[in-house]
Amino acid sequence: MDGPAITGGLGDGGIATARHVVAASLLAWMLDACDFFIVLFTLDDVARSFHVSLESVLLAPTLTLLTRPIGAFICGRAADRYGRKPVMITTIMVYSLIEVMSAFAPTLATFLCLRALFGIALGGEWGVGTSLIMESVPASWRGMASGILQAGYPAGYLLASLAFLLLPVMGWRGLFVLGGGALFSALYIWARVPESPQWLARQRAGHADATQAEGLWPVIRGHFALCVFAVTLMAAFNFMSHGSQDLYPKIFLGLERGLPHPSITLIVVLYNIAAIAGGMFFGILSQRIGRQYSIALAVALTLPLLALWTLPQSVAWLTVGAVCIQFCIQGAWGVVPAYLSELSPPSVRATFPGLAYQCGNLIAASNALLQTGIASFLGTGLAPALMFTVGGGALVVLVLTLLNARRHRAVM
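Residues in the sequence shown are numbered consecutively from 6, following the numbering used here.
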């Protein structure tokens, strides 16, 4: 399953330019994630505003998830043809505009259409940002840069949590307008971030035109085993991530364990801080021991923590378990941008990582239904279902990364 290693150094811009690339990619992914979580936090308010049931509004995040692979394909192919920088700027501008337009949606149908379009932009940003950052920083930075980039997801979760405090003042529509402020990250990229030096080099060499004429399908056909591996791996990754986050705060801690809102908020804040730290730690560690072994270590540490994460009755031990397991799960995720980029064929480096990620995410979209179905079948509450889905995902990631370890060539 090996792929061509990414080469290249600092480029003409030097260390300062590399720092701008890292900061811009982090900012874009963080604000993208923040906009997504704002919707999840305000679902009941949106339902009341449109005088519909909560179940009707739940279609909004579902549509966003369903259209993410479309965005990964369209934006990735555009970035492989026209460059990482212009496509990333366009993607950010589009999702910022859609976020503001969502605030002024007159009907639920309009709102749902806008959230489906938002998913396209959301799905496109991660893959393009990953290729830009991994092709622009020196090889010795890639593990750290990977961890920083992926830390944008829990950081966006935290930012949305803070923005949610303004709900009584601004209302849900005001929060959506506030989310449109992500546009400033596009301005930052336009002013301070250069195009990927590796993409420019391939353009000068004439490789890009030949590849684009060939099309994506021949690339997939020529790397079919790699594509199956990557999508399966990312599906398992998403079962770990969504399995440990989607139902855990409100359903498990709130409804089953009866924790008060302040306690749930504190646990969520603490485990998101741990997630950021984990992504940074294992991302940096991957520079020393290799991407696949860093991922394997993080998910292996997840397995013995499953019981501590779900079975304790005390708030203190539940908090310890949640913090530890998110440190490990998001720690493994912190290596993913570098790992997928280094596995990717160079000609589709903007398309392959994002499409693999979003297709895996599409498969894992059944997570909540699967967990509630298991809980209903066993009649024992969510704890066994949470452990089964997260533990199963961790085992699949562990086996796949170790099986692929000998064939993965990463530049260290």
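A virtual CB, placed ideally from N, CA and C, is assigned to each residue, including glycine. Every value quoted in this text rests on a predicted model; they were computed, and no experiment measured them.
Not a single unbroken stretch of the beta strand (DSSP E) spanning 3 or more residues falls wholly within the stretch 328–403. The Cβ-Cβ distance between M35 and G185 does not fall below 8 Å. Segment contact: the stretch 349–359 against the stretch 328–340, fewer than three CB-CB distances shorter than 8 Å; contact not assigned. According to the DSSP assignment, E104 belongs to the alpha helix (DSSP H) that extends over R89 to A108. Where H247 is concerned, the enclosing alpha helix (DSSP H) starts and stops at F229 to Q250.
Out of V304, A388 and M285, the CA that lies nearest to the CA of L313 is found in A388. A straight-line Cα-Cα distance of about 9 Å links L171 and G179. When rounded, the separation of the alpha-carbon atoms in R86 and A321 is 52 Å.
Counting only residues of its own chain and dropping the five nearest sequence neighbours on each side, P159 has a CB closer than 7 Å to the CB of N277, A280, I281 and Q335. Contact between the stretch 185–196 and the stretch 28–42 is present: three or more C-beta pairs spanning the two stretches fall below 8 Å. The three-state secondary structure of T67, taken from DSSP, is helix. Around the beta carbon of S136, 16 or more other beta carbons sit within 10 angstroms, so the residue counts as buried. If you ignore the 5 residues before and after F55, its C-beta comes within less than 6 Å of the C-beta of L113, all in its own chain and listed in chain order. If you check the CB distance, G339 and M392 do not come in under 8 Å. Burial is judged here by how many other beta carbons sit within 10 angstroms of a residue's own beta carbon; V142 has at least 16 and is buried. DSSP places S166 in the helix class (H, G or I) of the three-state scheme. Exposed is the label assigned to V174, since fewer than 16 other Cβ atoms lie within 10 Å of its Cβ. Burial check for I20: the Cβ neighbour count within 10 Å stays below 16, so the residue is exposed. Rounded to the nearest whole angstrom, the C-alpha separation of S145 and F287 is 14 Å.
In the three-state reduction of the DSSP assignment, V304 falls in the helix class.
Contact check for N372 against D251 passes: the beta carbons are separated by less than 8 Å.
Cβ-Cβ distances below 8 Å link I194 to A29, A33, K90, M93, I94 and I97 in the same chain, with the five nearest sequence neighbours on each side left out; the list follows chain order.
Here the alpha carbon of L310 sits roughly 12 Å from the alpha carbon of S249.
Annotation: P317 to Q331 spans about 17 Å, alpha carbon to alpha carbon. By the Cβ test, the stretch 102–120 is not in contact with the stretch 160–168, since fewer than three Cβ pairs between them sit closer than 8 Å. In chain order, L117 place their CB closer than 7 Å to the CB of L64, counting only its own chain and leaving out the 5 sequence neighbours on each side. A direct Cα-Cα distance of roughly 45 Å separates S268 from A83.
Taken atom to atom, the span from the alpha-carbon of Y362 to that of M239 is near 5 Å.
In the DSSP annotation of this structure, the continuous segment of the alpha helix (DSSP H) that includes A280 starts and ends at H266 to I294. Separation of T307 and L31 (C-alpha to C-alpha, rounded to the nearest whole angstrom) is 25 Å. S319 sits exposed, since fewer than 16 C-beta atoms from the chains shown fall within 10 Å of its C-beta. In this structure, the beta-carbon distance from V402 to V273 does not fall below 8 Å. Every alpha helix (DSSP H) of 4 residues or more that sits fully in the stretch 18–47 is shown, in chain order, as 19–46. Collapsing the DSSP output to three states places G148 in a helix. In the DSSP annotation of this structure, the continuous segment of the alpha helix (DSSP H) that includes I138 starts and ends at L113 to S141.
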